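So the structure is just underneath, and the comments pick up after that.
2 protein chains.
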Amino acid sequence: MKSVLVKEIYRNTEKYIDENVVVSGWVRTIRSSKSFGFIELNDGSFFKNIQIVFEDNLDNFKEISKLPISTAIKVEGLLVATPNNKQPFEIKAKSITIEAESDKDYPLQKKRHTFEYLRTIAHLRPRSNTFSAVFRVRSLVAYAIHKFFQERGFVYVHTPIITGSDCEGAGEMFRVTTLDFDNLPLDENGKVDFKKDFFGKETNLTVSGQLNVEAYALAFRNVYTFGPTFRAENSNTARHAAEFWMIEPEIAFADLKDDMELAEEMLKYIINFVLENAPEEMEFFNKFIDKGLLERLNNIVNSDFERITYTEAIDILKKSNKNFQYPVEWGNDLQTEHERYITEEVFNKPVFVTDYPKDIKAFYMRLNDDEKTVAAMDLLVPGVGEIIGGSQREERHDILVNRMKEMGLKQEDYWWYLELRRYGGVKHAGYGLGFERAIMYLTGMTNIRDVIPYPRTPRTAEF
Amino acid sequence: MKSVLVKEIYRNTEKYIDENVVVSGWVRTIRSSKSFGFIELNDGSFFKNIQIVFEDNLDNFKEISKLPISTAIKVEGLLVATPNNKQPFEIKAKSITIEAESDKDYPLQKKRHTFEYLRTIAHLRPRSNTFSAVFRVRSLVAYAIHKFFQERGFVYVHTPIITGSDCEGAGEMFRVTTLDFDNLPLDENGKVDFKKDFFGKETNLTVSGQLNVEAYALAFRNVYTFGPTFRAENSNTARHAAEFWMIEPEIAFADLKDDMELAEEMLKYIINFVLENAPEEMEFFNKFIDKGLLERLNNIVNSDFERITYTEAIDILKKSNKNFQYPVEWGNDLQTEHERYITEEVFNKPVFVTDYPKDIKAFYMRLNDDEKTVAAMDLLVPGVGEIIGGSQREERHDILVNRMKEMGLKQEDYWWYLELRRYGGVKHAGYGLGFERAIMYLTGMTNIRDVIPYPRTPRTAEF
């Protein structure tokens, strides 16, 4: 008999009640007395365990009674309804086969562990309730994102990970090299000769696929990236990782308004998708990780996101009479405290802030007619602050060249990016969503290290 | 009026015939006489163009007549059926607005270009027929892969890109570093001091997520990775890139037989998905790129894949009386010529070859009872040879340790991988599919540089 997934039993219970079933999984807990015992079995297919009842009519009753946690077993038995118990059904075992017995020093015993400790056993933590929920939701959200864009005809583009350029000069980058450190080739000036490196020049890990994907938006109209990006910043905060995934849609024949509509639709779609497809996990987060989670997410799905300009935001902040740590002044970037005040206290829903001063934004953002602001947008959400950042791109060749000059960027480094403006470079826009930030937001987890299977942070690249 | 996507018009034609529509897109070709003209317009949403007819009743008729290729325009007009023409319908323009006029030196004029030349304009080539088809199919295949696994409850795992370990010692790796090359820190022995590097040790770009994802299979049972992997090999062939994407499913409570069933089901699913969702593109490939393509793919979908052992394969090759370039000898790896002979000439369908000599396979593959072979499988397909490689993993702690010793691997580097064998490390199996190889196979494109948006190969990291 082939084993059936525990998820299948939970989702189509009627089909299996009073039937013989075979399940395979790992022992999460075991209790036994002289003549019978209970096993909570988890097979990985589902957040919840299935209860196994076994009795001393089994040949190997004694052996089973003493099984260490995390042992892999195969159970054949009758699925019976248990309407008066906590769990809706259980399996009365007819046979239990040991597939792989665990050593007794298994580190994930029943007692609670700190998230910090669990990070040191990243190879085992997905077997705990919290991380089983986190990483299943992570997988579902990734799928929801693909589904959302593909159903709308967007083309998924794999932009390069290794790059010879430094998009928008954003932050510090990791160098990629095959040069021998003990024997670096030098050029005639005694400098390291990158012509001898694998790619014949200096290369780094990408910080964004945006510039590359713009070229594809001008071919396919609606496109998106979803891939890893990197920051070599020495930030040891709960919200920064050196390696994280990012989603960057880009749409042509579109302006900032279209961009915001897309972002709002996408975020609501993702939330609905996880609420529908991971109800058990979301309930768990709401109960044990973040008590306001479901209310907050339902609030987002049911609101029309607010739209205000940066200038209006500054006005609101100035009139608030709040004592902010960072000064509120037109021309300064908004800090998290400002963002959270606006989205939580003023509007209590997601807020797009648009049209930021050009001097605090990137060179590729479209200059507004006031020549002081650019067509940028940040989406602020309660509980977090900024979760999405985007802009309409500067499609006018000469204005873009001017902005690049102002910011000290070399035109020859961007020859192809500038060419896009010469060959039908119609208006277009896009945004970036940090995938891990989204997962944190959707689960209530507060440390980015706890939503990445094997996190990379300063001085940490284990496993 | 909002513009409608050209794909929507092709797919739901009845809805739009004899209606006013607005479309936006780029001029692919333009022909005009004194009083009327034709534009082939492509809006990126669909492989095919839509024909626009314009006449001298337009105010800007003269300007439109002279529009350079690749200009972005917006057209409002009546969609009329043209049953006697090559194209099924056309738009009779009532107005044409220029959204972004192209410069006249647009490099992608109508004449045919070589693929080599088009690689030098990677930012523009997705606008050509071939690359528009390639990259839309690439996107659809990526989606098909996610859909296949997610519909079966597999959990998508993002394994790390930056790694401190060297999985299976597979090939040369790229180093990732933030050390200053002009000022490398040295330790007391005068060696480069990697303790001062970003992660406090030597790190590289991953060559495979398999070891990492095995831990997740032992938590979630059925999992997969889909991410970029890297090889710093100085191979300038049509089939090697330094950066490519890989899919690695891993299944627990499963053996090599289950592994092969999954691979067969997945491959058929992907092929059916692109045949269904990109019929125009696939027809184009079949006509202009690879005349046997559709027949070959249909053959795959409709065959039961063959299964033979490596030992049987050697027998077949020896009895073939073919003059192979590489000698056929038990213990040698199969070369592409051997693989293609078996899959094309002997069976004329996909063939799994299993149970290879242990000495030519990786340390983690499960040792068979004969102690000479391992539970490995390669899937060979006509036209290509090997497209998938997989194995059942060695789940027995002591045998794994022995194999590692034999191969000179340090146990302490694999402490967590070994621990998986101590804590319910039930039998499990998996395989790897090179994404670009699959795209080449599905499109008939013969150079890997032509199925990656911005390819990275030795001495090439442009754009």
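If you read the protein sequences in the order shown, they are chains A and B.
In this text, residue positions in the first sequence follow the UniProt record's numbering: the first is 1, and each later residue adds one.
In this text, residue positions in the second sequence follow the UniProt record's numbering: the first is 1, and each later residue adds one.
For every residue, glycine included, the Cβ atom is placed at its ideal position computed from N, Cα and C.
A quick note: this is a predicted structure, and the numbers were derived from the prediction, not measured.
Close beta carbons around residue i, own chain, < 6 Å, minus the five adjacent residues each side
| i | result |
| --- | --- |
| A/Y310 | V353, D355 and Y356 |
| B/L5 | S45 |
| A/N277 | L140 |
| B/A376 | Y356, K361, M365 and S391 |
| B/V22 | M1, S3 and E76 |
| B/K318 | V328 |
| B/S65 | S32 and G37 |
| A/D290 | G444 |
| B/F324 | E337 |
| B/E168 | Reliability fails at B/E168, whose pLDDT of 48 lies under 50, so the model's placement of it is uncertain and no value is given. |
DSSP state of residue i mapped onto helix, strand, coil
| i | result |
| --- | --- |
| A/L5 | coil |
| A/E40 | strand |
| B/E168 | Since pLDDT at B/E168 reaches only 48, below the 50 mark, its modelled position is unreliable, and the value read off the structure follows with that caveat. Helix. |
| A/L108 | coil |
| A/P279 | helix |
| residue 490 of chain A | Within the shown structure, residues of chain A are numbered from 1 to 463, placing residue 490 of chain A beyond reach of any answer. |
| A/F244 | strand |
| B/K74 | strand |
| A/K94 | strand |
| A/N134 | Residue identity differs from the one stated: residue 134 of chain A is Val in this sequence, not Asn. Here A/V134 sits in helix by DSSP. |
| A/S24 | strand |
| A/N299 | helix |
| A/N189 | coil |
| A/E19 | coil |
| B/P249 | strand |
| B/Y431 | strand |
| A/R11 | helix |
| A/T443 | helix |
| A/E63 | helix |
| B/P88 | coil |
| A/S32 | strand |
| B/A215 | helix |
| B/I69 | coil |
| B/E99 | strand |
| B/L262 | helix |
Close-in-space but distant-in-sequence residues of the same chain around residue i (CB under 7 Å, 5 per side omitted)
| i | result |
| --- | --- |
| A/L184 | V192 |
| A/F89 | T13, I17, L79, V80, A81 and T82 |
| A/D187 | D193 |
| B/I316 | I342 and V346 |
| B/Q87 | Q51 |
| A/I145 | F226, I247 and I270 |
| A/E339 | L380, G385 and E386 |
Own chain, CB closer than 8 Å to residue i, minus 5 neighbours either side, in chain order
| i | result |
| --- | --- |
| A/Y216 | V155, V157, V223 and E250 |
| B/K196 | L179 and P185 |
| A/I314 | V328, E329 and W330 |
| B/Y454 | A122, E462 and F463 |
- Query: Closer than 9 Å, Cβ to any Cβ of chain B: which residues of the region 210 to 221 of chain A, in chain order?
  - Reply: When C-beta distances to chain B are compared with 9 Å, the residues of the region 210 to 221 of chain A below that value are L211, N212, V213, E214, A215, Y216, A217, L218, A219, F220 and R221, in chain order.
- Query: Can you list, in chain order, the residues of the region 439 to 456 of chain B whose Cβ is nearer than 9 Å to any Cβ on chain A?
  - Reply: Against chain A - using a Cβ distance shorter than 9 Å - the residues of the region 439 to 456 of chain B are I452, P453, Y454, P455 and R456.
- Message: Give me the subset of the region 135 to 154 of chain A whose CB atoms are less than 7 Å from a CB atom of chain B, sorted by chain position.
- Response: Near chain B, meaning a CB-to-CB distance below 7 Å, the residues of the region 135 to 154 of chain A are F135, R136, S139, A142, Y143, H146, Q150 and G153.
- In the region 2 to 17 of chain B, which residues sit with their C-beta less than 8 Å from some C-beta in chain A, listed in chain order? Taking 8 Å as the Cβ-Cβ cut-off against chain A, the residues of the region 2 to 17 of chain B that qualify are S3, L5 and K7.
- Contact between the region 114 to 133 of chain B and the region 122 to 133 of chain A (3+ Cβ pairs under 8 Å): Because the criterion of three Cβ pairs below 8 Å is not met, the region 114 to 133 of chain B and the region 122 to 133 of chain A do not touch.
- Examine the Cβ distances between the region 231 to 245 of chain B and the region 405 to 416 of chain B and report whether three or more of them are shorter than 8 Å. Judged by pairs of C-beta atoms under 8 Å, the region 231 to 245 of chain B does not touch the region 405 to 416 of chain B, as fewer than three such pairs exist.
- Per the contact definition of three or more C-beta pairs closer than 8 Å, is the region 224 to 235 of chain A in contact with the region 173 to 190 of chain A? Enough Cβ pairs lie closer than 8 Å, so yes.
- Query: Counting Cβ pairs, one atom from each stretch, are 3 or more of them under 8 Å apart for the region 198 to 212 of chain A and the region 146 to 156 of chain A?
  - Reply: In short, these stretches do not touch, since the Cβ pair count stays below three.
- Tell me the start and end of each unbroken alpha helix (DSSP H) in the region 305 to 333 of chain B that is at least 4 residues and wholly inside, in chain order. Fully enclosed alpha helix (DSSP H) runs of 4 or longer: 310 to 319.
- Task: Compile a chain-ordered list of the residues in the region 277 to 299 of chain A whose CB is closer than 9 Å to at least one CB of chain C.
- Result: Here the protein chains are A and B, and chain C is not one of them.
- Against chain A: residues of the region 189 to 213 of chain B by CB proximity under 8 Å: So the close ones are K191, V192, F198, F199, G200, K201, T203, L205 and N212.
- Message: Short of 7 Å Cβ to Cβ, which residues in the region 70 to 103 of chain B face chain A?
- Response: Flagged, chain order: S70, T71, A72, E99, A100, S102 and D103.
- Contact the region 94 to 102 of chain A vs the region 447 to 457 of chain B: 3+ CB pairs below 8 Å: Taking a cut-off of 8 Å on C-beta distances, the region 94 to 102 of chain A does not touch the region 447 to 457 of chain B, as fewer than three cross pairs fall below it.
- Message: Quick check on the DSSP output: what are the complete beta strand (DSSP E) runs of length 3 or more inside the region 392 to 416 of chain B, in order along the chain?
- Response: Counting only runs of 3 or more, we get nothing.
- Task: Scan the region 336 to 381 of chain B and note each continuous beta strand (DSSP E) run of 3 residues or more that stays entirely inside, going in chain order.
- Result: The region 336 to 381 of chain B contains these whole beta strand (DSSP E) runs: 351 to 357 and 373 to 381.
- Query: Taking Cβ-Cβ distances below 9 Å as the criterion, which residues of the region 245 to 257 of chain B are in contact with chain A?
  - Reply: Correct list: W245, A252 and F253.
- Could you say if the region 385 to 405 of chain B and the region 419 to 439 of chain B meet the contact criterion of at least three C-beta pairs nearer than 8 Å? Here the region 385 to 405 of chain B lies against the region 419 to 439 of chain B, with 3 or more beta-carbon pairs under 8 Å apart.
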